[in-house]
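First to last, the protein sequences are chains A and B.
For the first sequence, the working numbering gives the first residue as 19, with consecutive numbering after it.
For the second sequence, the working numbering gives the first residue as 26, with consecutive numbering after it.
Cβ atoms here follow ideal geometry from the backbone N, Cα and C, with glycine treated the same way.
Report on the following structure.
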Amino acid sequence: MGVAVELKGCVKRLVSSDSEFWLEVEQVHLEQGEFVGFVGRSGSGKSTFLDLLSLASTPDEIESYILAVDGIKHDLTDLILQSDDEALSAIRLQHFGYILQSGGLIDCLNVKENINLVPSILRSKQLSADSPTVGMLDMDSHMNKRTSQLSGGQRQRVSILRALSGTPTIIVADEPTAAIDEAMADVIIKQLKSLTQLAGVTVSLVSHDLDLVYQYCDTVIEMKPKQIGNNRVLTKIQRIC
Amino acid sequence: MLNLKRVTPKTSLYIAQKDLMSEITFAACLIFSIVAVITPLMFLWSVKVGFVDRLKEDFINDPRYRVIRPDNASVKQAELLDRIKQVDGVSFLQPMVAFTPRGIDIGFKADGRRVTSEARLIATSLDDPIHERLAEGTAPSGDQVVVSQDLAKRKGLQVGDELILLIGRIVNDRRERVRLKLSVTGVMSAESSNITTVWVPLEIERAVENFRSGIAVPRRGWAGISGQPKRSYEAALILTPEPIGERRRTELRIRFGANEINQLDLKKTLEQICGTACAARSETEFNKVIHIVRRPKGLYSSVDIAEGKDILGGIGGTTEGLIGRMKAHVTQGDRGDLGMVDVVSLPKSLEPVFSIELERGKVFAATNQIALPKDRQRDFASNGESTLFVEFEVPKITGQPAKIKLPLRPVFYDAPSDAPALISSDLAGMINRAQQVALEFDQQNLSFIERSIGFRGFRAIAQTFEAVPEIAEKLEAMGVSVRARTDDIVRLQKLERSLNVLVLIVGVVAAIGAISILSSSFFANVQRKIVQFACLRLLGFDKTAVSLIPLFQAILIGVYGFVASVIAFLIISAIVNGYIASAIGFDATLSKLGLDHFMVFFGFVIFCSTFSASFASRLATKADPARALK
């Protein structure tokens, strides 16, 4: 397996009126098809790291950002440094899938439209009620429902289907089980893992649920914040398994 | 490089539409707010249009509102008529031999009996817009005539009937009359004229007026009246032993048409008559009081000059005609071209000032003279043949530009080379007659012959009645004083402008209200859904794609709002036109809008809605994709 994404020399400063938070990433790489869990206490910078990894925000400093697509490495460093919104948006559209805490679904679209939003833009194959992936997540009978008619677990499954429908290189899952009960969380992560394994997609999962992370993730990365002054916190990233 | 695909505007439109449909109440509120603003505006504008159109109809239906005529007989030259025809907005120009339509006797058969009647005679052409108002038949050409509806109805005239013009003139207290047989080729509609009228080709009007003026019409076999043509002058010189009293001034104003009677000294008089080169002669002793008078419009005839003499005879005054500077070409027998000279008229009473005495007597006689400046004696004097041929350029009355070539005997007076040549006022007055009629000089019989009467006026028709005031203004600027119903037209235009301003003010106030409502609604909508916008950004929508969503929503709301407004307007309009207009005695469609008005309203609605959404659109671009991950 080759590298799916690699960040080097990345620094993000978040400054508020009474505190300052630094996230420093010396070097992190995620392998293709790897299921990586990010853990750490609240405020350790897990979501900030995911923002940087998923190109949702740009760092203050970066040495290099490499994205590998179909085995070919692409250096996105210049695009990131230039904050090229059009290009970064297009990369997010084509190469990233997102599973958010409460699903992050578009309320005006029904389940099917949400799932197929990215394929319809990319003019790629869309998922239907007959698709095996939809069946595996037991959503085939809910395709025409409005998102407001779904339970928390169903929303997350729609979110997983939407993330997968665009055939991304990386799926970014930020606390996907935070809003659902433990049993459902286990099912959801299990389904996510089996589907991404089938598709060979890299997953970066942020969760507070250590049991879940250690049970399903191939790799766990711990975010370790360190108080370096009165109001300054510096987080470094460490691969722990 | 990565092959990147972007979110297209089509996807933004799709999301915009879906979002509106998912919040139908919100969308309906916005649509109704547009209806609440646009429908009353449409109605207000439609009433303005209906009201003004009703007034305009009178103007459009009555061709007299588009007619422009001169208010005096000063437009005589074909060149000037051509220039008037070229004025922007003039669709047609009919030169007229008579200044205003003149009456004529007509004869025809009615119920088997010969009857006569009186009618106005108006010249027309095939392209005269008045023929659009023919009730039957076609425009006249050749020996044809179109008659007014009243003449046709009263006397039973029909297309194809024969009509005779009975043209009379008085010669030596004896009435002469000729007949001209014409065929009726058309009958005008009743609205075209409420006066008994016959429309004939210009050639017939010219023949009629030539005959009446004593000019022969060879084509019709009508003889002219023999005798000298009348002379005409541009100004008159009045000389009196004492300054003119108030009583005589009044008499001159009334009988002589002398609006301004200004006393001049000799120097200024000479400057006015023959320029500064002659002014040095003002030191000559001259003991008469001098006045030069001009008519505001028109010329003095030899009869007028005689009238002036009559007025001033009692106080020992005299009146003589004056002509302005003329250009003439001088030739002489074998010597050929001798060059150009400026020629002015010299009244007899001023001859002593120039120390010359021009041979006067009969005009024209072989002894008629031209006084040339002595400094040019070498150019013009000859040892042998002494007669010079002086060719005057005169205006084009008919056909090609005319010239009058006269044999004149040269005399020389003491003056520098730039001084003009002098001819007697009588001769100058004769040459000046060419301003009014096609004048020729018969070299064999040494006499002037009038070939044809010139134009006295015209009938111009504007493309639209709205163009009339502007055309009238342009013609006045060209020195052509005109009559047109401009006051009524200007009043209507002012009324329309005032109503436009009024509706515009209401429109601006309404637009401000509509923009305030819509912009706050669109802005609040985006603010409420900022996380959704952040999700779209995270999923790959760039700033342009998300900014288009509120704009497309605004356009959709605008289109639906406009359609709903039109429906509401049509209902209200139908009620007003069906019940209220007749109840208040309005005899036309009170509320009406044209397609162009609807287009303007559509543009107005779309502008207001998209402008309102621009703030929301800007807010949407600020949605941070990272916020969706929080």
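- Your pair B:Q460 and B:L371 does not check out as a contact, with CB atoms roughly 19 Å apart and the cut at 8 Å.
- DSSP, read as helix, strand or coil, puts B:P377 in helix.
- Proximity of chain B to A:Y116 at the Cβ level (cut-off 9 Å) is accounted for by C560, L563, L564, A653, L654, in chain order.
- Residue pairing by DSSP places A:Y116 opposite A:V190 in a beta bridge.
- In this structure, B:T392 sits away from B:G341, with a CB-CB distance that is not shorter than 8 Å.
- Contact between B:Q357 and B:L413 holds, since their C-beta atoms are separated by about 5 Å, short of 8 Å.
- Listed by position along chain A, the residues whose Cβ is nearer than 7 Å to that of B:Q557 are I124, D125.
- Under the Cβ distance rule, A:H160 does not count among the residues neighbouring chain B, no pair being separated by less than 8 Å.
- Rounded to whole angstroms, the gap between the alpha carbons of B:P243 and B:Y258 is 29 Å.
- B:K73 is the residue among B:R643, B:C54, B:K73 whose C-alpha sits nearest the C-alpha of B:L529.
- The continuous stretches of alpha helix (DSSP H) do not include A:T165, and DSSP gives it neither H nor E.
- Apart from sequence neighbours up to five positions away, the residues of its chain that approach B:E276 with a beta-carbon distance below 8 Å are I336, ordered along the chain.
- A distance of 8 Å or more separates the beta carbons of B:R280 and B:F236.
- Taking a beta-carbon distance threshold of 8 Å, A:H92 counts as an interface residue toward chain B.
- Minimum Cα-Cα distance from B:T489 among the listed residues B:D87, B:S214, B:R31 corresponds to B:D87.
- Among the residues of chain B, those whose CB is under 9 Å from the CB of A:V87 are L27, following chain order.
- Burial state of A:N128 is buried, judged by a 10 Å Cβ sphere holding 16 or more other Cβ atoms.
- Boundaries for B:Y604: no beta strand (DSSP E) harbours it, and the DSSP string shows neither H nor E there.
- In terms of beta-carbon proximity, A:A105 lines the interface with chain B, with at least one pair separated by less than 8 Å.
- Sequence-distant partners of B:R200 (beyond 5 residues in either direction) whose C-beta falls short of 7 Å from its own C-beta, in its chain, are G193.
- Look at the beta carbons and you see the segment 95-110 of chain A touching the segment 28-39 of chain B: at least three pairs across the two are nearer than 8 Å.
- Annotation: A:E104 to A:S177 spans about 24 Å, alpha carbon to alpha carbon.
- In the DSSP secondary-structure assignment, A:V23 is bridged to A:L48, A:L85.
- Segment contact: the segment 65-81 of chain A against the segment 135-152 of chain A, fewer than three CB-CB distances shorter than 8 Å; contact not assigned.
- The three-state secondary structure of A:R175, taken from DSSP, is helix.
- Against A:D69, the close residues of chain B are A651, L654, in the order they occur along the chain (beta-carbon pairs closer than 7 Å).
- For A:A147, there is no enclosing beta strand (DSSP E), since its DSSP letter is neither H nor E.
- Your pair A:C126 and B:K43 checks out as a contact, with CB atoms roughly 4 Å apart and the cut at 8 Å.
- B:A302 sits in a helix when the DSSP states are folded into three classes.
- Interface flag for A:R110 against chain B is set, since a Cβ pair is found closer than 8 Å.
- The segment 160-173 of chain B and the segment 247-255 of chain B do not touch, with fewer than 3 CB-CB distances between them shorter than 8 Å.
- Just measuring C-alpha positions, the residue of B:V122, B:V355, B:V436 sitting nearest B:F417 is B:V355.
- Neighbours of B:I40 across chain A, judged by C-beta separation under 9 Å: I124, C126, L127, L135.
- Between the segment 423-443 of chain B and the segment 283-298 of chain B there are fewer than three C-beta pairs closer than 8 Å, too few to call the two in contact.
- The C-beta of A:A74 comes closer than 8 Å to at least one C-beta of chain B.
- The criterion of a C-beta distance shorter than 8 Å is not satisfied by A:H47 and A:V29.
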